[in-house]
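Chains as they are written, first to last, in our numbering: chain G, 644 to 804; chain R, 644 to 804.
Number of protein chains: 2
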Amino acid sequence: MSGEDHRDSNALHVEAARRLDAVQSRYTTKRRLLVDVFEQADHPLSLPEVIAADSSLAQSSVYRNLAALEEAGVVRRIVTGDDFARFELAEELSGHHHHHLICRTCRTVADFTLPTAVERSLAATFRDVSDAHGFSVQDHQVDLLGACADCQDAARIGGDT
Amino acid sequence: MSGEDHRDSNALHVEAARRLDAVQSRYTTKRRLLVDVFEQADHPLSLPEVIAADSSLAQSSVYRNLAALEEAGVVRRIVTGDDFARFELAEELSGHHHHHLICRTCRTVADFTLPTAVERSLAATFRDVSDAHGFSVQDHQVDLLGACADCQDAARIGGDT
DNA sequence: TTTACTGCAAAGGGTTTGCAACATG
DNA sequence: CATGTTGCAAACCCTTTGCAGTAAA
């Protein structure tokens, strides 16, 4: 199953259904729609972005479904300091381990990946750190904070000294 | 011992005053108290923790002062997904570049450091990544998510079946 | 049929803000 | 004295929840 093209969204839905079933939840039409939205996104989506992508979804239902999908391990919630939380497909489902470029100006979040060698050495270091602290690591999170290309341009034009 | 504390603390306050002055803000008694609280903390503090450390501060004033201190670059705001935001001294003032161990159970945040060699190689990698994306990096954030020692113990006792 | 899900509206809760009194430079 | 700061309380806004109707198994 690994190494396959991400075009196979059927496998994604099958796995999502399996995970929801494992927590006694149903894979309804609305939830399938949500998974479709996240599959097509190339960055974590805020709630307004999710609703913009499919306005057939009521706000409260989206929140409730995202909570259900998160509990099932289908999506992951990301908190960046923006007004809104953001959501993306769980990495086991997207098959795409990555990190985030967070723009402090427009608050958008873009994905990036680290070279395998760096990831591997980081993982080893994290193991040492967690051992030393008696901390059990489930996940790591590497974010870069700064200004995206668009906001740098805007600053040069609008905020010029 | 206490002589050293006074000297360190004094340098800290001088720098904090300078930074506040740079944004037309005053270094009031309350703000000095806040800086003292953060200087003594060994981990990022939530608002309840700040108020617990010094209850002479009104909640809204603490929020307002933290916003002022953040704008001046004296403290840094951290968002972990906990109900509360957390704050710590800016690294230029604490002189202590570090990262966070975030416990998903009790939501506490502990500090840890990476070996210099790892930091250096990370910085180089981040430079490559940001160049490739046209992203201007101001800061990076490396967090480990998992279970702290206490919560692992609690799980062994309470959740053992 | 049974149980979970949906949508609307209202409540929740951390954070922000209006305003009058106060302190700082 | 002029201006920034403080504290109280109310407003704010993202998110959660109660409830009645609907869809899934």
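We put the CB at the ideal spot given by N, CA and C, even for glycine.
Integer Cβ distance of residue i from residue j, believed to fall under 8 Å
i	j	result
Leu-787 of chain G	His-783 of chain R	5 Å
Arg-729 of chain R	Val-752 of chain R	6 Å
Leu-676 of chain R	Asp-651 of chain R	In fact, because the Cβ distance is near 17 Å, the residues do not count as touching under 8 Å.
Ala-659 of chain R	Leu-736 of chain R	7 Å
Ser-668 of chain R	Ala-715 of chain R	6 Å
Ile-694 of chain G	Gln-683 of chain G	Not quite, the Cβ-Cβ distance comes to about 15 Å (not below 8 Å), so this is no contact.
Short CB-CB distance (under 8 Å) between residue i and chain G
i	result
Gln-667 of chain R	no
Leu-717 of chain R	First, the amino acid is wrong: residue 717 of chain R is Val here, not Leu. Not an interface residue.
Ala-654 of chain R	no
Thr-671 of chain R	no
Gln-795 of chain R	yes
Ser-645 of chain R	With a pLDDT of 47 at Ser-645 of chain R, under the threshold of 50, the modelled position of this residue cannot be trusted; read the value that follows with caution. Closer than 8 Å: no.
Phe-769 of chain R	yes
Leu-732 of chain R	no
Arg-729 of chain R	no
Arg-720 of chain R	yes
Ala-701 of chain R	no
Closer than 8 Å to chain R by CB, residue i
i	result
Ala-711 of chain G	no
Leu-663 of chain G	no
Ala-659 of chain G	no
Those residues which DSSP pairs with residue i across a bridge
i	result
Leu-677 of chain G	DSSP lists no partner for Leu-677 of chain G.
Asp-782 of chain R	G:Leu-788
Glu-731 of chain R	R:Arg-719
Val-752 of chain G	G:Ile-745
Leu-688 of chain R	R:Phe-730
Residue i, buried or exposed, once every other Cβ within 10 Å from all chains shown has been counted against 16
i	result
Glu-731 of chain R	buried
Asn-708 of chain G	buried
Thr-804 of chain G	Any answer about Thr-804 of chain G is weak, because its pLDDT of 45 lies below 50 and its placement is not dependable; what the coordinates show is given next. It counts as exposed.
Thr-748 of chain G	exposed
Gly-724 of chain G	exposed
His-740 of chain R	exposed
Ser-773 of chain R	buried
Asp-796 of chain G	exposed
Ala-790 of chain G	buried
Arg-662 of chain G	buried
Val-785 of chain G	buried
Val-657 of chain G	exposed
Pro-687 of chain G	buried
Val-722 of chain G	exposed
Ala-775 of chain G	exposed
Mind checking the stretch 772 to 788 of chain R against chain G and listing, in chain order, the residues whose C-beta falls within less than 7 Å of any C-beta there? Answer set for the stretch 772 to 788 of chain R: Val-772, Ser-773, His-776, Gly-777, Phe-778, Ser-779, Val-780, Gln-781, Asp-782, His-783, Gln-784, Val-785, Asp-786, Leu-787, Leu-788.
Which of the residues in the stretch 736 to 753 of chain G, read from start to end, lie with their CB under 8 Å from any CB of chain R? Flagged, chain order: Leu-744, Cys-746, Arg-747, Ala-753.
When you check each C-beta in the stretch 684 to 699 of chain G against every C-beta of chain R, which residues fall closer than 9 Å? Against chain R - using a Cβ distance shorter than 9 Å - the stretch 684 to 699 of chain G contributes no residues.
Members of the stretch 753 to 767 of chain G near chain R, C-beta cut-off 9 Å: Those residues of the stretch 753 to 767 of chain G that come within reach of chain R (Cβ to Cβ, closer than 9 Å) are Ala-753, Phe-755, Thr-756, Leu-757, Pro-758, Val-761, Ser-764, Leu-765.
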